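Protein sequence lines, in the order shown, are assigned to chains A and B.
Take 0 as the starting number for the first sequence in numbering that gives the first Met the number 0 and just add one per residue.
Take 0 as the starting number for the second sequence in numbering that gives the first Met the number 0 and just add one per residue.
Let me begin by presenting the structure, written as structure tokens, before commenting on it.
There are 2 protein chains.
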Amino acid sequence: MTKSLLRLTAVETVACCAPLTKEPLSADAAERIAPLLKALADPVRMRLLSLVASHQDGEACVCDLNDAFDLSQPTISHHLKVLHESGLLDRSKRGVWVYYRVRPTALTDLAALIGGVAG
Amino acid sequence: MTKSLLRLTAVETVACCAPLTKEPLSADAAERIAPLLKALADPVRMRLLSLVASHQDGEACVCDLNDAFDLSQPTISHHLKVLHESGLLDRSKRGVWVYYRVRPTALTDLAALIGGVAG
DNA sequence: GTCGGACATTGACGAATGTCAATATCGACG
DNA sequence: CGTCGATATTGACATTCGTCAATGTCCGAC
Numbered sequence: 000m001t002k003s004l005l006r007l008t009a010v011e012t013v014a015c016c017a018p019l020t021k022e023p024l025s026a027d028a029a030e031r032i033a034p035l036l037k038a039l040a041d042p043v044r045m046r047l048l049s050l051v052a053s054h055q056d057g058e059a060c061v062c063d064l065n066d067a068f069d070l071s072q073p074t075i076s077h078h079l080k081v082l083h084e085s086g087l088l089d090r091s092k093r094g095v096w097v098y099y100r101v102r103p104t105a106l107t108d109l110a111a112l113i114g115g116v117a118g
Numbered sequence: 000m001t002k003s004l005l006r007l008t009a010v011e012t013v014a015c016c017a018p019l020t021k022e023p024l025s026a027d028a029a030e031r032i033a034p035l036l037k038a039l040a041d042p043v044r045m046r047l048l049s050l051v052a053s054h055q056d057g058e059a060c061v062c063d064l065n066d067a068f069d070l071s072q073p074t075i076s077h078h079l080k081v082l083h084e085s086g087l088l089d090r091s092k093r094g095v096w097v098y099y100r101v102r103p104t105a106l107t108d109l110a111a112l113i114g115g116v117a118g
């Protein structure tokens with residue numbers, strides 16, 4: 000385990016919490032989960048995530064993603080960094096290209112927290 | 000049912016879209032859905048929503064909510080307004096008190112969009 | 001080794017956000 | 001009517017955010 004046992008990452012917190020509608024969310028959990036939602040709460044990042052998730056083999060290269068937007072390359076890079084650092088996207092470099100893929104269970108865990116479906 | 004040409008609210012858009020992981024989200028849909036996520040992407044608002052949703056009878060009075068936070072009354076009022084205007088909370092005034100409740104299907108629809116469970 | 005291309009980082013800037021103090025509104029009850 | 005209590009609105013402020021231009025880094029090819 001690379002992480003300390005005391006502090007949980009946002010994705011870990013999501014996986015361990017009762018659904019929003021089940022019991023009041025603690026202030027502590029809310030503070031840790033909010034960054035995950037913030038990462039999603041941008042139209043460009045939503046589309047990036049959706050593009051990656053629905054892409055062939057579940058992964059996409061930055062070069063593909065850049066072309067899908069009318070934004071500068073650094074801006075896309077910035078958004079990908081936000082998604083990666085929040086734990087939603089995994090990053091892997093192969094040769095000259097960098098590939099992103101959705102971290103497994105990240106979205107389903109988040110959906111379970113929001114929607115209240117049984118894990 | 001597929002939607003008309005008229006402008007859709009955020010919640011309506013959520014209900015009509017394929018899951019994020021199923022197909023690339025359109026720029027248009029992303030722009031309309033993002034405010035919903037933004038509304039959720041704040042620790043105070045997450046807790047407010049959770050408090051309301053898990054409260055007895057599924058509704059809570061502002062007076063109860065104020066006491067649960069170390070924030071000024073106008074600040075709570077502001078957050079409730081954001082949640083209400085985004086379509087996540089319904090508002091009803093009875094006598095002197097104002098009650099909020101989670102709009103039905105809002106959270107489950109949102110979860111379906113994120114988590115990709117079959118609709 | 002050098003060059004070129006893919007991606008990241010930095011710095012700057014306007015726009016949006018969260019918060020509070022002060023004030024307004026609005027209904028219930030003397 | 002006048003007041004009081006519950007909630008909303010306004011105005012101000014510091015902080016955060018999204019974006020771009022410029023620049024940096026890393027790697028493969030020649």
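Every residue, glycine too, gets a C-beta built ideally from N, C-alpha and C.
The structure displayed is predicted, hence computed values, not measured ones.
6 Å Cβ shell around A:L109 - same chain, five flanking residues per side excluded: V13
Report the option in A:T104, A:A59, A:R44 whose CA atom is closest to the CA atom of B:A26. A:R44
Against chain A, with Cβ distances strictly below 7 Å, would B:K2 count as a contact? In this predicted model, B:K2 has a pLDDT of only 47, less than 50, meaning its place in the structure is not dependable; the value taken from the coordinates is given anyway. Not an interface residue.
Please work out which residues of its chain come closer than 7 Å, Cβ to Cβ, to B:A9, disregarding the five sequence neighbours upstream and downstream, and give them in chain order. R31, I32, P34, L35, S85, G86
What are the boundary residues of the beta strand (DSSP E) that A:R93 is part of? 88-93
Work out the CA separation of A:G114 and A:P18 for me, nearest whole Å. 7 Å
Does A:G94 get closer than 7 Å to chain B when you measure Cβ to Cβ? no
Would you say B:K80 reaches chain A, if we count a Cβ-Cβ gap shorter than 7 Å as a contact? no
Report the partner residues of A:E58 according to the DSSP bridge assignment. A:R100
Return the first residue and the last residue of the alpha helix (DSSP H) that A:K37 is part of. 26-39
Just by C-beta distance, which residues in the segment 31-48 of chain A are closer than 9 Å to chain B? R31, I32, A33, P34, L35, L36, K37, A38, L39, A40, D41, P42, V43, R44, M45, R46, L48
Measure the C-alpha to C-alpha separation of A:C16 and A:L64 and round it to an integer number of angstroms. 33 Å
Extent of the continuous alpha helix (DSSP H) run through A:A67: Taken as a continuous stretch (DSSP letters only), A:A67 belongs to no alpha helix (DSSP H), as it is neither H nor E.
Can you say whether A:L88 is buried or exposed, counting buried as having 16 or more other CB atoms within 10 angstroms of its CB? buried
Please determine, among A:Y99, A:R93, A:R46, the residue with the shortest C-alpha to C-alpha distance to A:L70. A:R46
Shorter than 7 Å from the beta carbon of A:G86 to some beta carbon of chain B? no
Limits of the unbroken alpha helix (DSSP H) element including A:L48: 42-53
Where do the ends of the alpha helix (DSSP H) carrying A:A105 lie? 105-114
Let me see if you follow: with CB-CB separation under 7 Å, is B:A29 close to chain A or not? yes
Within its chain, find whatever has a CB closer than 8 Å to the CB of A:V101; leave out the 5 residues flanking it on each side and keep chain order. L48, V51, A52, G57, L87, L88, D89
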